[in-house]
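Numbering (the working numbering), first residue to last: 293 to 396.
Backbone N, C-alpha and C define an ideal beta-carbon position, used for all residues, glycine too.
To start, the structure under review is shown below, and the notes come after it.
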Amino acid sequence: MLFYKTYPHKESKEWVVFVHGAGGSSSIWFKQIKAYKQHFNLLLLDLRGHGKSNTMFQDVMNNNYTFKMVTKDIIDVLNHLKIQSAHFVGISLGTIIIRHLAEL
Numbered sequence: 293m294l295f296y297k298t299y300p301h302k303e304s305k306e307w308v309v310f311v312h313g314a315g316g317s318s319s320i321w322f323k324q325i326k327a328y329k330q331h332f333n334l335l336l337l338d339l340r341g342h343g344k345s346n347t348m349f350q351d352v353m354n355n356n357y358t359f360k361m362v363t364k365d366i367i368d369v370l371n372h373l374k375i376q377s378a379h380f381v382g383i384s385l386g387t388i389i390i391r392h393l394a395e396l
């Protein structure tokens with residue numbers, strides 16, 4: 293499973309999921325966390341082969357790295373955390389993956 297970090301909000305039931313771009317990691321969102329965590333539950337994740345999900349790098353090299361595969365990784369985390377609905381914020385590759393999530 294992907295590395296992820298959550299910032300729970302005591303009162304909000306809404307989630308915001310941050311998806312970084314290629315070559316990045318969840319650490320790029322440090323400035324956004326302060327503002328968003330005042331209103332929402334936050335989920336930050338590192339895509340396969342990135343950041344603290346780099347242990348999955350061998351999977352990237354041995355298999356086709358498809359949008360479907362990356363999207364399924366995110367869905368697995370959402371299901372694990374029982375997040376049924378969320379807002380998404382992305383940059384670069386992250387926006388493409390978010391669009392793919394919406395299409396699924």
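Go ahead and label residue i buried or exposed: buried means 16 or more other beta carbons lie within 10 angstroms of its beta carbon, across all protein chains shown.
i, result
"leucine 294", "buried"
"isoleucine 390", "buried"
"phenylalanine 310", "buried"
"asparagine 371", "exposed"
"aspartate 368", "exposed"
"leucine 335", "buried"
"serine 377", "exposed"
"asparagine 333", "buried"
According to DSSP, is residue i part of a helix, a strand, or is it coil?
i, result
"tyrosine 328", "helix"
"glycine 382", "strand"
"glutamate 395", "helix"
"methionine 293", "coil"
Identify the residues that DSSP records as bridge partners of residue i: which are they?
i, result
"leucine 335", "Thr298, Val309"
When you compare the CB positions of residue i and residue j, do they come within less than 7 Å of one another, or not?
i, j, result
"leucine 393", "alanine 314", "no"
"tyrosine 299", "leucine 337", "no"
"isoleucine 366", "tryptophan 307", "no"
Cβ contact check for the region 359-366 and the region 315-330: 3 or more pairs under 8 Å: no
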